[in-house]
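Student:
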């Protein structure tokens with residue numbers, strides 16, 4: 001299906017569920033509320049588009065470009081986003097629960113109040129993200145880059161975060177309840193009212209942090 005054929009179809013019915021749209025170029029378009037459930041969007045280009053409230057549940061977005069896009073309130077439940085590019089995207093309130101986000105690039109993305117519950121985010125790049133109030137409970141974040149991010153009041157309870165890196169990150173009010181933080185690095189971070197109750201901190205490094213009312 002060509003780009004023009006697809007746009008005509010969207011005008012008539014914004015439900016594209018189940019289509020194979022691999023490699024399609026849909027950049028810089030207004031696609032608010034389109035249903036992409038179970039679509040194949042491998043290597044598709046959706047960059048700089050307005051994708052607010054779109055549904056990508058159980059879709060395959062491997063290597064998909066969605067950088068600098070508006071994804072406010074979008075849903076990616078159970079989706080595959082391996083190596084997807086979401087840097088500089090605007091994603092407040094988006095739902096990535098149970099998704100596979102291995103190697104995803106979220107550099108400088110705004111992911112405030114997003115749901116990453118039980119998401120697979122190994123080697124994900126979350127450098128310089130705005131992730132206040134994010135839900136990362138039971139997420140798999142081994143070796144993720146969380147440097148220079150803002151994670152105030154985020155919840156990482158029961159997450160697997162072995163080997164993660166926090167450098168100059170704001171972790172004020174963050175919950176690390178029962179979190180696996182083995183070999184994690186916390187360097188020059190804000191740790192104000194941060195809770196580590198029940199966390200695994202073996203070989204974790206804490207250096208030059210600003211700490212106040214931390215619970216370990």
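In the UniProt record's numbering, the protein residues as written are 1 to 216. Ideal placement from N, C-alpha and C gives every residue a C-beta, glycine not left out.
1) Residues in the same chain with beta-carbon distance under 7 Å from residue 215, minus the five sequence neighbours each way, listed in chain order, please.
2) If I'm right that residue 63 touches residue 43 with Cβ under 8 Å, what's the distance once you round it to whole angstroms?
3) State buried or exposed for residue 18, treating a residue as buried only when at least 16 other CB atoms are found within 10 Å of its CB.
4) Check whether the Cβ atoms of residue 90 and residue 76 sit closer than 8 Å, and answer yes or no.
5) Indicate, with yes or no, if the ligand ATP has a heavy atom lying under 7 Å from the CB of residue 164.
6) For residue 141, name the three-state secondary structure that DSSP assigns.
7) From residue 181 to residue 33, what distance separates their C-alpha atoms?
8) On the three-state DSSP scale, how would you describe residue 191?
9) Short check: CB of residue 123 to CB of residue 106, under 8 Å?
10) Who does residue 158 pair with in a DSSP beta bridge?
11) List the endpoints of the continuous alpha helix (DSSP H) containing residue 5.
12) Please determine, among 5, 202, 116, 142, the residue with the shortest C-alpha to C-alpha distance to residue 136.
13) What would DSSP say about residue 165, mapped onto helix, strand or coil?
14) Can you give me the C-alpha to C-alpha distance between residue 55 and residue 126, rounded to a whole angstrom?
15) Is it right to say residue 23 is buried, meaning 16 or more other beta carbons lie within 10 angstroms of its own, or is it exposed?
16) Under 8 Å, do residue 186 and residue 166 count as touching if we go by C-beta distance?
17) Please go through the same chain and pick out, in chain order, the residues whose beta-carbon is closer than 8 Å to the beta-carbon of residue 131, but skip the five residues on each side of it.
18) Can you tell me whether residue 101 is buried or exposed, with buried defined as 16 or more other CB within 10 angstroms of its CB?
19) Can you find the residues in the same chain that come closer than 7 Å, C-beta to C-beta, to residue 219, ignoring five residues on each side of it along the sequence?
20) Considering residue 205, what are the terminal residues of the beta strand (DSSP E) in which it resides?
21) Could you give the first and the last residue of the continuous beta strand (DSSP E) run that contains residue 28?
Tutor: Working from what's here:
1) Cβ neighbours of residue 215 beyond the five flanking positions: 195, 196, 197.
2) In this structure residue 63 touches residue 43 by the C-beta definition: roughly 5 Å separates them, less than 8 Å.
3) Residue 18 is exposed by the Cβ-count criterion.
4) Not in contact: residue 90 and residue 76 (Cβ atoms no closer than 8 Å).
5) Judged by which ligands are present, the structure shown has none, so any question about the ligand ATP falls away.
6) Residue 141 falls in the coil class under three-state DSSP.
7) Rounded to the nearest whole angstrom, the CA to CA distance from residue 181 to residue 33 is 38 Å.
8) In this structure, residue 191 counts as strand in the three-state DSSP scheme.
9) The answer is no: Cβ separation not under 8 Å.
10) None, per the DSSP bridge assignment.
11) Under the DSSP assignment, residue 5 falls in the alpha helix (DSSP H) whose first and last residues are 3-12.
12) It is 116.
13) The answer is strand: DSSP assigns residue 165 an E or B state.
14) When rounded, the separation of the alpha-carbon atoms in residue 55 and residue 126 is 22 Å.
15) Residue 23 should be labelled exposed.
16) In this structure, residue 166 lies closer than 8 Å to residue 186 by Cβ.
17) Cβ within range, chain order: 111, 112, 114, 149, 150, 151, 154.
18) By the neighbour-count criterion, in which 16 or more other beta carbons inside 10 Å mark a residue as buried, residue 101 falls on the buried side.
19) With the chain running from 1 to 216 in the structure shown, residue 219 is simply not present.
20) For residue 205, the uninterrupted beta strand (DSSP E) run begins and ends at 205-207, by DSSP.
21) The continuous stretches of beta strand (DSSP E) do not include residue 28, and DSSP gives it neither H nor E.
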